[in-house]
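Trainee: Residue numbers (the working numbering), protein chains in the order written: chain A, 1 to 321; chain B, 1 to 321; chain C, 1 to 321; chain D, 1 to 321; chain E, 1 to 321; chain F, 1 to 321.
Backbone N, C-alpha and C define an ideal beta-carbon position, used for all residues, glycine too.
Number of protein chains: 6
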Amino acid sequence: MAPMTDLVTFGETMLRLSPPRGERLETTRDLTVQAGGAESNVAVGAARLGADARWLSKLPDSPLGRRIVTELRSHGVRPDVAWADADASRVGTYYLEHGGEPRGTNVIYDRADAAITTVEPDELPTDAVAEAEWFHTTGITPALSETTAETTTALLRTAGEAGTTRSFDLNYRAKLWDPETARAAYEELFEHVDTLFVPRRDAREVLDREGGAVEIAHGLATEFGFDTVVVTRGLEGAVALHDGSVYEQDVYEAETFDAIGTGDAFVAGFVAERLRGGDLPAALRWGSATAALKRTTDGDLAVTTRAEVRDVIEGEGGIDR
Amino acid sequence: MAPMTDLVTFGETMLRLSPPRGERLETTRDLTVQAGGAESNVAVGAARLGADARWLSKLPDSPLGRRIVTELRSHGVRPDVAWADADASRVGTYYLEHGGEPRGTNVIYDRADAAITTVEPDELPTDAVAEAEWFHTTGITPALSETTAETTTALLRTAGEAGTTRSFDLNYRAKLWDPETARAAYEELFEHVDTLFVPRRDAREVLDREGGAVEIAHGLATEFGFDTVVVTRGLEGAVALHDGSVYEQDVYEAETFDAIGTGDAFVAGFVAERLRGGDLPAALRWGSATAALKRTTDGDLAVTTRAEVRDVIEGEGGIDR
Amino acid sequence: MAPMTDLVTFGETMLRLSPPRGERLETTRDLTVQAGGAESNVAVGAARLGADARWLSKLPDSPLGRRIVTELRSHGVRPDVAWADADASRVGTYYLEHGGEPRGTNVIYDRADAAITTVEPDELPTDAVAEAEWFHTTGITPALSETTAETTTALLRTAGEAGTTRSFDLNYRAKLWDPETARAAYEELFEHVDTLFVPRRDAREVLDREGGAVEIAHGLATEFGFDTVVVTRGLEGAVALHDGSVYEQDVYEAETFDAIGTGDAFVAGFVAERLRGGDLPAALRWGSATAALKRTTDGDLAVTTRAEVRDVIEGEGGIDR
Amino acid sequence: MAPMTDLVTFGETMLRLSPPRGERLETTRDLTVQAGGAESNVAVGAARLGADARWLSKLPDSPLGRRIVTELRSHGVRPDVAWADADASRVGTYYLEHGGEPRGTNVIYDRADAAITTVEPDELPTDAVAEAEWFHTTGITPALSETTAETTTALLRTAGEAGTTRSFDLNYRAKLWDPETARAAYEELFEHVDTLFVPRRDAREVLDREGGAVEIAHGLATEFGFDTVVVTRGLEGAVALHDGSVYEQDVYEAETFDAIGTGDAFVAGFVAERLRGGDLPAALRWGSATAALKRTTDGDLAVTTRAEVRDVIEGEGGIDR
Amino acid sequence: MAPMTDLVTFGETMLRLSPPRGERLETTRDLTVQAGGAESNVAVGAARLGADARWLSKLPDSPLGRRIVTELRSHGVRPDVAWADADASRVGTYYLEHGGEPRGTNVIYDRADAAITTVEPDELPTDAVAEAEWFHTTGITPALSETTAETTTALLRTAGEAGTTRSFDLNYRAKLWDPETARAAYEELFEHVDTLFVPRRDAREVLDREGGAVEIAHGLATEFGFDTVVVTRGLEGAVALHDGSVYEQDVYEAETFDAIGTGDAFVAGFVAERLRGGDLPAALRWGSATAALKRTTDGDLAVTTRAEVRDVIEGEGGIDR
Amino acid sequence: MAPMTDLVTFGETMLRLSPPRGERLETTRDLTVQAGGAESNVAVGAARLGADARWLSKLPDSPLGRRIVTELRSHGVRPDVAWADADASRVGTYYLEHGGEPRGTNVIYDRADAAITTVEPDELPTDAVAEAEWFHTTGITPALSETTAETTTALLRTAGEAGTTRSFDLNYRAKLWDPETARAAYEELFEHVDTLFVPRRDAREVLDREGGAVEIAHGLATEFGFDTVVVTRGLEGAVALHDGSVYEQDVYEAETFDAIGTGDAFVAGFVAERLRGGDLPAALRWGSATAALKRTTDGDLAVTTRAEVRDVIEGEGGIDR
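#1: How many Å lie between F/G318 and F/E210 at the Cα?
#2: So, is the C-beta of B/Y95 closer than 8 Å to a C-beta in chain F?
#3: Contact criterion: CB-CB distance below 8 Å. Does F/F197 meet it with respect to chain D?
#4: Once DSSP output is grouped into helix, strand and coil, what is the label at E/F10?
#5: By DSSP's criteria, D/L220 is part of a beta bridge. Which residues make up the other side?
#6: Just checking my contact of D/Y95 with D/L25 at CB under 8 Å: how many whole Å lie between their CB atoms?
#7: Between the alpha carbons of C/G100 and C/G22, how many angstroms are there, rounded?
#8: Does the beta carbon of A/F257 sit closer than 8 Å to a beta carbon anywhere in chain E?
#9: Could you have a look at B/A2 and say whether DSSP puts it in helix, strand or coil?
#10: Which runs of the alpha helix (DSSP H) at least 4 residues long sit entirely within the stretch 36 to 84 of chain A? Give them in chain order.
#11: In whole angstroms, give me the CA-to-CA distance for A/A53 and D/I68.
#12: Can you name the start and end residues of the alpha helix (DSSP H) that F/E101 belongs to?
#13: Classify B/T153 as helix, strand or coil using the three-state DSSP reduction.
#14: Under 8 Å by Cβ, that's how I've got E/A38 and E/T138 pegged, so tell me the actual separation to the nearest angstrom.
#15: I'd like to know whether the C-beta of C/T296 is nearer than 8 Å to at least one C-beta of chain F.
#16: Can you give me the Cβ contacts of C/T262 inside the same chain, cut-off strictly under 7 Å, excluding the 5 residues immediately before and after it?
#17: Measure from the alpha carbon of D/E123 to the alpha carbon of each residue in D/S57, D/V107, D/A174 and D/F135, then state which is nearest.
#18: Does any residue of chain C have a CB that is nearer than 8 Å to the CB of D/L293?
#19: Measuring straight from C-alpha to C-alpha, what distance separates E/E253 and D/L17?
#20: What's the gap between the Cα of E/A185 and the Cα of E/T141?
#21: Considering only residues of the same chain and omitting the five flanking positions on each side of E/A213, which have a CB-CB separation below 6 Å?
#22: What number of angstroms, rounded off, separates the C-alpha of D/A132 from the C-alpha of D/L156?
#23: Starting from C/Y324, trace the alpha helix (DSSP H) both ways and give me its first and last residue.
#24: Identify the continuous alpha helix (DSSP H) that holds C/S288 and give its terminal residues.
#25: Considering only residues of the same chain and omitting the five flanking positions on each side of C/S327, which have a CB-CB separation below 7 Å?
#26: Applying the 10 Å Cβ sphere with the 16-neighbour rule, what's the burial state of F/P20?
#27: Taking the C-alpha atoms as reference points, what is the distance between B/G287 and B/L49?
#28: In chain E, what lies closer than 7 Å to F/S62 by C-beta?
#29: So, for C/L235: in the same chain, excluding its five sequence neighbours on each side, which residues have a beta-carbon less than 7 Å away from its beta-carbon?
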């Protein structure tokens, strides 16, 4: 029998290209390259916190495609990649320019027609999904193409049939689709989801929900039958509804070096702790602490350790003498 | 007939050499090179906001002189340079060491005998000044040498005769001359100036003015017949007097990456908006917003866009999803 | 009457992204960004050698599109860009990994669906072409899309009607089309071309020519009525046929830092000298010397000066005491 | 049943710290950090060429220990590390200063008392060795401490009992022991070795062999019963003796960027090809080509691909159009 | 007669290796190398403030040992180093990863068996100690080895006999010894100390003192007969007891770029001012201002000047016009 | 009595600013800063080879002036600097762009009116010259200003009166004066010189000498009474005439990373060996070997060691196992 995997995620990972602090994309000569993608961010974060994590995707069989795999693998994630013809496919790319008040951080996506937009279930090791304890994907994946939407549904269905816990982070991207289209797609997927992560803002603007986080969570859980709904509220922290109980979690204050990937780090910490048997409040703490640590480092990834997360939760830090 | 230019500026541009953050000039091994000079800063800022801008100066015909032209041109400014013999002239240089409380930012000028100190009107396309809508220079230029002082006067006179709006930013530099000498020189030039930009501190310490910004503006306008006086007050914002009316403008809060060039960015935004037909309050908003954006980026230049300035004025920002 | 332009080029310019020497794309964390494209390389090279040069293209109205314009403008080229909607278009990109025997230099194109693929003549200042002395484009442009092929024909036609000299560099790219398709397209364009630049290898493999460079030149000139044919032969130098005379030109030896852009530098030097009234042998010398200088510097562009080219031709160099 | 592994290697991996080219350790301010160690170099090289490779070692459970694992994992190697107490152990380190005639490349080891010096067999997954097709270690490992010498013997014995092919690269290090001590230790291990890699110089100076490479190979094979002996001769290429036949292999010429790790790359290519069923001549070609590619890139590791090695063997290269 | 030295310090200096801001040791590829050690930090700080300072230590006679000397010498310190055999000794090293809330700054020492652990008095120029006005060492040195503890005692004794003022900074390092062992060692040394610097936290946790800073100072002075006791309290400033009088000193606020070395900078400023004849309050001001300036720059060292310290004390700063 | 110094040199040291390899000054954004000056290059080279070396000069009392002192001191040289008013003086600067055939290395001096041009003997510790064994200066110093010419004469006279050996390196700089003026100045100084270093080219073009190196040496020695004449001939090596005997020295082949400072390294090695009692042939070997090592490293300085020079002379090198 194949070994059980803790976590499988599915989605696009891009090359993230960013100029040095204080420089503009329009004039820079230097770009830092890193791998970034919501689902692989979660896989990396969880793997670093002890989960055995795999990540499914499709990439060109080129140095650029392998560049992504190389970085993810370094953090202990096992990539399961459908390799596309290098000459007939491309890697999604995004450019990130760090801002500073009153200039916003600027993200420019160049992801159209990335290799993943053609990924079909039979190119992927769907067994891995069935054998995993947890499957995670986000609302970005179905937005990439009709094919990825169908593959997302197929994988969620596979997971459901196998009893794999399925989580879904709404992650609405206004550059990929409009709220109405997105909402329709989300709602079709919701029946296959056990745990929903949703920013309060997206719940309001995309899912047309009203009221506070608790009210939103109740509404969604009732309507779609989620086992767990986690509503994130930026600096106000998160609220979770699970088995009829409501749990609140504050954010841990952080000196932000790079905010990108904070939400994925939250999911990573949450899922890693659930996989180790932690209860909801513990999972929220792990999510929140992992997110805080993520903010202190460069890049999409939560490059941290169990010990560091534990120190944050227990309120320890500072310089070691 | 030659095409109308929006803006012509005249002055020295130097090579700005700065070590990495946290490093001292005394021990550094790395310097970043950028072009910096009050008048070309204004030309670049205005050009980026849509103005057709030219910049008049004198430089050695060497890689170092061309280094400056190369950078200015990249932002759309048209440099009109009197090229001096490379072996018999030099480029002005300034070293900038970023500070941090309680250590001040340190600027070391090495600009004596720069090529511009010998510039005479007949080396410059004075037609350009006559054909422009707006001519701008600063109180640094006449401080460089007697020759630059005379050329400044000549160009202002040319502008005045042609009906070109003339603005002047006091920009007192204690390392170039003492307050008394400066004051005498300024006052001779004032008769050729329509719009005066003056920091409140300089108004007090160099022009011997007393009272608040409004009082200073009234006094100067009355005495020298300025069309517009803009008094800047650092973090307290600016005050403008125009046609007998007083306008106040707050600063837009900014996370400062590099404060050098803030004042020039203000002038650039102000002039660019005036050139597009904006009224005084609009010009003040554009000046203030451009200045705030400048503070978030490295270097003397306001590397920004009309859309970004508009977003600041309209209070929008943040990460684009 | 609008001022006469020396040179107009038309084509795609990409962002060139390259890791440091000795590093692989597959593992690098740092990329240098530069602008690169055959036709803008020629415009930059010629502008630096004194030509008044414009470059026509289409780019997204985004920091990435402006990044390209910024760099070209810095060298004195005037870009005439049709700006595409930033959200609905992309910039062509290419990744360059420097090799070293026995590992080849690796170029990965990510240029599909770049903004230029939709460029139509009425988006471009065709007047500029008509008013120019010289118009240059390459065999890459018609390979990008049917639309660019048609626009190329239209611009060549406009140039021809206006008496503008038209040059064309074959520049066959195997990743864009196959030899047969390319040949057919080239041959349709040839009737609109005065000066043809063609590598001997492409003449053989794509145009099905046989024999040596001189024989190839004669054959092409006879068949298509070119005024001038320049056949380049790598390290063996170039051969030109003009008015029935044959001219040979050796390469100037160079310590190669970066070979990309050598052919474009050759064209730039050749055209710049022709525009100044130089005869064929002089133009070949300028082309060859500019190409040698290009090889010594990083990037696609021939960042050099008239004085440096002259020194190479006259055999001077070395350290200045 | 556990899945079969292709290759297991065992040995120390250090942090390699090197200043930029042209700078001296004595004055540098910047160091590049990379992972380097003969046995993990082989594992990485082989993994990149398609082998399923594991690497056994011992490291402190600290960011520095994990730094090494992170890099090896990125290339697809599965590290099996005995984690030592972070406060009571250290990572071996080596400083590498690139030379240039007449200044030699300078290597400074700071590896005394590294965590691996205490590694015992029961800390390692010896099953992995037994289940692998091939086990590789080098003459560095037994030189580190008595404990590593004993563990080396134990692992070779385990491999031998399980029928795993055992290879050994002599890799004499004068800074670790003297020739006599080394020779005695080697000779005790030789009975457990199937394939010996030995530089001709070491064969002469350490193993006291005389004559040419073929004679040396025969002598060693006869005396110690090796299945295969590969004698490397620097730029003169390698000679292999196998089943009584002698095979010669030239080096592929290379533009050397970094020579460190060349020998390990040779072993990696050789073993990877043997594991895929290649015969001796093929393995020598793969070894030699992988070594040549290694020389073109920075760092200890042969960051290459099967396609690139194949291109070298088939004599293809150069810029892709 | 040999010339009088102002200050002699004795202790270990390490290579400090730190990744860029926002990067983790576990994944970084770049390290900055700097010299760092409590006693040489004091020597450098004092030398830069005008003292003639020497520093005694032991290092391997290798590029790494010389790397340290090179940097210290650049600041005007005269190193008196006992050179150890390069092949049989090592340089202490420490890795520094800058933190950011909630992630602490991480220091990893790799200093076991550094060359200094074998230093004996007769390897050092003990005359220098006798001829100096002031001798300084810290509680780190005796913790390194029994030999360094004995040498520390010997040097303090030599200083005492010669009438040289002896200062001692407690500098407890939990990674080197436990509080009880440390306390016993400290108390043996205290009889040879005139001026004690002690953080309030160490006084409590290691010396078992109770109460506030003043009470601690009185207790220590009474029990051990110190001439001066300076108790530092982090952001609450310092308290000094001298000749029965108590002096308080606030910290000067600082924008912290790098906090490492702040305490040593305080001692450097204090000692430098005492050596110039300043009284206790002046010395406290100089210590505090030097410490504030240190925080604004990268590295262990207080790279500052007398003029800058004076400006801080006098409350001047900001950008020089 | 003050301690005897081995070597005192006198001359200008500049900030050397150079862009990365392959980049042009005209477009670079990064400059490396290093200290460079013929006489301090000699002092550093000799100090590193064991001489007790001092260097006399004049610099502004600013971070830029101290930048130079900081670097020289790091190599063990004792700078004796006359500090000029920071606001009224400047540091000489030179820009260095590395070339590559056929593009020459480009040096741009910006040294006019550097602080040293006003240096007078009474600002310098002339005692140091009198107490030294050897005094060295070059033909650059008297070319800087009349004052430096007079001071050079005064120092040479002081040295002569004290019996200090005086060496002079012709070092003709065409950018500072013409051959006739230079020749006249040199010839006045020659009576104060014991050892003359002169490139064959300068001997011919500036001193109007004819014939080969030996003939030149004889002629100069006869006419001016030099004790030793060393004529350097680039890659053909050096010839020395001493006490009527002629000595030849080949160059040691070197992989050149940076050729600047090669001649100064030669002088440094020569003088260092003479100071240790070596005979002429030994001094020539040391000079030549030091020069070869210099070529392998970045910057003006010969950052090497006695052991490395010895290895070159003895023909040893390569990677240390």
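Mentor: Working from what's here:
#1: Since pLDDT at F/G318 reaches only 45, below the 50 mark, its modelled position is unreliable, and the value read off the structure follows with that caveat. Rounded to the nearest angstrom, the two C-alpha atoms are 41 Å apart.
#2: yes
#3: no
#4: strand
#5: For D/L220, which the question treats as bridged, DSSP gives no partner whatsoever.
#6: 6 Å
#7: 9 Å
#8: yes
#9: For B/A2, the predicted structure reports a pLDDT of 46, less than 50, and the residue's modelled location is therefore unreliable. A value from the coordinates is still provided. B/A2 falls in the coil class under three-state DSSP.
#10: 38 to 48 and 63 to 74
#11: 20 Å
#12: Counting along the chain, F/E101 falls outside any alpha helix (DSSP H), and DSSP gives it neither H nor E.
#13: helix
#14: 5 Å
#15: yes
#16: A291, K294 and R295
#17: D/S57
#18: yes
#19: 37 Å
#20: 11 Å
#21: R200, V231, R233 and V239
#22: 12 Å
#23: Missing from the structure shown is residue 324 of chain C; chain C here goes from 1 to 321 and no further.
#24: L280 to R295
#25: Nothing can be reported for residue 327 of chain C, as the shown portion of chain C is limited to 1 through 321.
#26: exposed
#27: 11 Å
#28: Those do not exist, as F/S62 stays about 10 Å from chain E at its closest Cβ, beyond 7 Å.
#29: V251
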